[in-house]
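Each remark here refers to the structure printed beneath this line.
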Amino acid sequence: MPSGKTVSQNFQLALELREHAGVIDKAKNKDQNTTPPNPTTMAPSKKARLGGNTSKTSSSSSSQTTLPKPFTQAPKALETFYTHLNPHHIYLAHIDSHPRDFKRKIFLVPVAMNAAVALLFLWRLYLIGPYYLALFASTIGYPNELTLRADEMEWKPLLLVILRRGFTFILDFVLFVFVWPWPYEFAVGGSASHGAPLGWRWQVGFRDQEIYVRRSRSWDTELGDLFGSEGSAKRNEFWSRVGEATNPLLLQQKTGYLLMDGAWDLDWDAMVLATSLVDTKKLELDEFMEPVVLLHSEKFGWVTMDRGETKAADEEERRKQVFAFRDALAKLGKEDLFFRWIEIVQFETSKPGVFGAQRQHEVAEQIRELFSKNGVDFDKVWGEVIPNRNTGAPAKEDTGATSDPE
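With the UniProt record's numbering as the guide, the letters of the sequence shown map in order to residues 1 to 406.
As structure tokens, then:
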């Protein structure tokens with residue numbers, strides 16, 4: 001039985017293979033000197049969608065009056081949703097299709113943790129409450145057992161009492177300022193709140209298809225004007241952050257609740273709003289089937305990114321990776337393994353049914369075994385020819401895609 005690490009690597013490998021399955025057939029029957037063909041020009045989709053892309057965008061003076069590609073006006077179909085969003089933030093929305101039982105298990109963890117913290121805090125308050133009441137009474141002139149008469153005490157006992165009380169004050173201050181906000185914000189929300197997790201779950205419940213909405217943290221204030229003639233560098237930074245956050249492997253392996261990080265926070269109110277609009281038929285769930293990005297410009301209003309403008313570059317990159325892998329095997333005199341690899345992946349992904357986790361594991365094992373029998377370490381060769389990729393571990397752009405969610 002394979003170890004947990006091996007299973008994780010197999011799962012990652014299978015996802016890599018499925019990601020490339022749509023382009024590897026174009027490599028078959030090509031000789032070693034063939035260069036990757038230019039991707040077919042793709043017409044922009046009717047719906048504006050986000051694609052992880054960091055390609056350069058024209059920053060000519062015309063961008064002062066028109067949106068630079070791949071930006072486009074946000075679709076009217078989403079107007080009932082984005083008009084309620086904060087224009088000072090960037091938003092990412094997608095559908096999480098993980099099973100509801102899995103989502104329930106994930107959510108029960110913070111519920112249990114915050115409930116435990118709240119109970120401990122209340123227990124501490126129950127124990128320490130009379131102590132502080134007695135101190136307060138002594139302070140306003142009602143002597144009791146906690147009243148100190150410094151002129152009648154030796155300095156050593158007095159110092160010990162002061163230190164002990166000082167420690168108690170500091171401990172309770174830390175608990176109140178740094179610990180109590182955890183369960184409070186989980187149940188009610190913070191001062192700069194955009195809802196609370198518990199309120200979101202109470203209103204939405206658990207569903208097989210859930211809309212998750214993330215909003216940018218403070219880094220968005222440093223971007224400035226993305227659409228001006230001098231906004232090219234800022235747009236590259238924007239695409240890098242957005243592309244990393246919407247990486248297909250990341251969204252496939254992590255449920256939406258686990259996508260909070262230093263750059264993105266979940267907007268609970270926006271998630272409740274989106275779900276409510278879908279439930280009341282004011283918005284179609286299909287609008288979020290592919291990740292959606294929304295940002296506001298004073299000049300252009302709400303803006304999104306056109307998926308059609310970025311698909312060609314993504315396909316080009318995948319083709320280059322496939323050909324690089326073929327060339328690496330050819331240098332080892334094992335080019336036949338490349339075509340065997342193609343045949344296996346095409347055969348498995350074309351079978352009826354979902355290419356689920358179990359089949360992914362089986363395909364990964366089959367390919368590793370095939371390469372191993374021919375004296376080739378698949379992970380090593382793949383990691384050498386594909387930048388930032390190693391033995392089944394994710395690249396930088398695949399942050400979080402390291403384990404099977406099941």
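Idealized CB from N, CA, C, for every residue including glycine.
Computed from a predicted model, the values in this text were never measured in an experiment.
First and last residue of the uninterrupted beta strand (DSSP E) at S216: The residue given as residue 216 occupies position 216 in the sequence shown. Taken as a continuous stretch (DSSP letters only), the beta strand (DSSP E) holding S216 covers E210 to S216.
Sequence-distant residues of the same chain with beta carbon closer than 8 angstroms to V179, five excluded per side: Residue 179 sits at position 179 when you count from the first residue of the sequence shown. Same-chain partners within the cutoff: V117 and F121.
Per-residue DSSP class, three states only, for T168: Working through the sequence shown from its first residue, we reach residue 168 at position 168. Here DSSP, grouped into helix, strand and coil, assigns T168 to helix.
Separation of A196 from G189, as counted between CA atoms: Walking along the sequence shown from the start, residue 189 turns up at place 189. Walking along the sequence shown from the start, residue 196 turns up at place 196. In a straight line, the C-alpha of G189 is about 5 angstroms away from that of A196.
R206 - DSSP class collapsed to helix/strand/coil: For the purposes of this step, residue 206 is identified with residue 206 of the sequence shown, where counting begins at 1. Checking the sequence, you will find Phe at residue 206 rather than Arg. Residue state, collapsed to three classes: coil.
CA-to-CA distance, P181 to V174, given in whole angstroms: Working through the sequence shown from its first residue, we reach residue 174 at position 174. Working through the sequence shown from its first residue, we reach residue 181 at position 181. In this structure, the straight-line span from the alpha carbon of V174 to that of P181 is close to 11 angstroms.
Nearest-angstrom Cα separation, counted from K351 out to D220: To locate residue 220, count along the sequence shown from 1; it is residue 220. To locate residue 351, count along the sequence shown from 1; it is residue 351. Taken atom to atom, the span from the alpha-carbon of D220 to that of K351 is near 44 angstroms.
Candidates T275, L258 and G129: closest to T80 by CA position: In the sequence shown, residue 80 corresponds to position 80, counting from 1. Ranking T275, L258 and G129 by Cα distance to T80 puts T275 first.
Candidates P110, E185, R235 and Y131: closest to T304 by CA position: Your numbering for residue 304 matches position 304 in the sequence shown. Across the set P110, E185, R235 and Y131, the C-alpha of R235 shows the shortest separation from the C-alpha of T304.
Coil, strand or helix - T255 by DSSP: In the sequence shown, residue 255 corresponds to position 255, counting from 1. The answer is coil: DSSP assigns T255 none of H, G, I, E or B.
Cβ contact (3+ pairs, closer than 8 angstroms) linking the segment 162-170 and the segment 79-97: Judged by Cβ distances under 8 angstroms, the segment 162-170 makes no contact with the segment 79-97, as fewer than three pairs qualify.
6 angstroms CB neighbourhood of L258 in its chain, flanking five on each side removed: For the purposes of this step, residue 258 is taken as the residue at position 258 of the sequence shown. If we look at L258 and ignore the five residues flanking it on each side, it has no Cβ neighbours.
Nearest-angstrom beta carbon gap, E287 and residue 485 [assumed within contact, 8 angstroms]: Residue 485 is absent from the structure shown; the chain starts at 1 and stops at 406.
Alpha carbon of E290 to alpha carbon of L266, nearest angstrom: Position 290 of the sequence shown, counted from the start, is the residue given in the question as residue 290. Position 266 of the sequence shown, counted from the start, is the residue given in the question as residue 266. Each residue's CA atom was taken as its position, placing E290 and L266 some 18 angstroms apart.
Anticipated Cβ contact below 8 angstroms, I128 with D172, distance rounded: The residue labelled residue 128 in the question sits at position 128 within the sequence shown. The residue labelled residue 172 in the question sits at position 172 within the sequence shown. Yes, I128 and D172 are in contact; Cβ-Cβ is about 6 angstroms, under 8 angstroms.
Within 8 angstroms, strictly: CB atoms of D96 and Y212: Counting from one through the sequence shown, the residue named residue 96 turns up at place 96. Counting from one through the sequence shown, the residue named residue 212 turns up at place 212. A Cβ-Cβ contact shorter than 8 angstroms links D96 with Y212.
Best match in A270, A134 and A74 for proximity to T147 [C-alpha to C-alpha]: Stepping through the sequence shown from its first residue, residue 147 is reached at position 147. By alpha-carbon distance to T147, the top candidate from A270, A134 and A74 is A134.
Bounding residues of the beta strand (DSSP E) (the contiguous stretch that carries V303): If you number the sequence shown from 1, residue 303 lands on position 303. Start and end: G301 to M305.
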